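Undergrad: Next up is a structure, given as C-alpha cells.
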Amino acid sequence: VVYTFSAETMTDLEEGHTIVIKYTATVNDDASIDGSVSNTEYTEYSEQKTNGNTVDSDMTDMTVNKTDGKDALKGAQFKLYRTDEDLELDHVDVLLRELTDEELEAADIEKADDTVYYTVDPTGTNLIDMAQKDEDGKYLYSTAVVYGLDKDSTYYLEETKAPEGYNQLEEEKEVNLGETTEIEVENHAGSVLPSTGGIGTTIFYIVGAI
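Right, dumping it as C-alpha cells:
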C-alpha cells in the first residue's frame, strides 16, 4: 500500500506531527468463516518503518432457532445488528450473504434440514430470511446459522416478519456471543390487546366485575 501526500499537505505538517491512517480490509474467498483470522499492517515512510500492527479476529457462528416455545416455526425474517465500542455505536448493520452448497461443502459444514446458512459479507444485506419457500409454496426454514461473527461481541436480532398466524416480536433479542452461540426466539399466536389507541382493557375488567 502506497500513501501519497500532496505538496499542499506536506507544507501543513510540522516536525513531530502525527499522521493517523485508518483503513478497512476484507478477507478473500479462501479465508475461514470460523476460527481466528490474523491481520498485520506495515507502513514505511521515508526511512522509517513501523514494527507492524497485528489484530487477531476471533470469529464464531450464531444459531437462531424459531419456535413457539415448543415446536419449530417457519417463515420468519430478522435483521441483524452489532455494537461497535470503538465507534461508540449501539447498532451497526451486519451485512450477510447466503452460503452456497459448494461453500458449505468446502468448509466441511454438513447441511441440516430446515436450516439456512449465512456468512458476513459486505456485498450482502442484513436480512436473515427464514421465510423462503419451495416450489409448492411451503416455507423451508425454522433455523438460521450465521458464520463470521466476532466472538465476545453483542448482537441484536430484530424480527421484521413473524411466521403466519403469530405475533411479531416488538422488542429486539440481544445475543452476547461471549456467553452463548445459540438462541431460541419464540413467537406466540393469538390476538394482542391494545394498550393505546384502541378501546383499551378497562371495559373487560368492568364486564368481568359485573
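In terms of this note's numbering, the sequence shown is residues 233 to 442. Beta carbons: idealized from backbone N, C-alpha and C, even for Gly. Keep in mind the model is a prediction, meaning the values are calculated, not measured.
(1) Applying the 10 Å Cβ sphere with the 16-neighbour rule, what's the burial state of residue 253?
(2) Quick check on residue 419: buried or exposed, where buried means 16 or more other Cβ atoms within 10 Å of its Cβ?
(3) Shortest alpha-carbon distance to residue 348 belongs to which of 241, 356, 355 and 333?
(4) Distance, Cα to Cα, residue 272 vs residue 234?
(5) Could you check what DSSP says for residue 421 in three-state terms: helix, strand or coil?
(6) Count the other C-beta atoms from every protein chain shown that fall within 10 angstroms of the C-beta of residue 251, then say buried if there are 16 or more, exposed otherwise.
(7) Under a three-way DSSP split, which group does residue 247 fall into?
(8) Would you say residue 377 and residue 322 are within 8 Å of each other, going by their C-beta atoms?
(9) Quick check: what's the CA-CA separation for residue 342 versus residue 335?
(10) Alpha carbon to alpha carbon, how far is residue 383 from residue 302? Give it in angstroms, no decimals.
(11) Counting C-beta neighbours from all protein chains within 10 Å, is the total for residue 394 16 or more, i.e. buried, or is it exposed?
(12) Taking the beta strand (DSSP E) that residue 336 belongs to, which residues open and close that run?
(13) Helix, strand or coil for residue 241? Go by DSSP, reduced to three states.
(14) Which of the three DSSP states, helix, strand or coil, is assigned to residue 381?
(15) In chain order, what residues of the same chain lie with their CB nearer than 6 Å to the CB of residue 238, ignoring the 5 residues before and after it?
TA: Reading from the atomic positions:
(1) exposed
(2) buried
(3) 333
(4) 16 Å
(5) strand
(6) exposed
(7) coil
(8) no
(9) 11 Å
(10) 29 Å
(11) buried
(12) No beta strand (DSSP E) contains residue 336, which is instead part of the alpha helix (DSSP H) from 333-338.
(13) helix
(14) strand
(15) none
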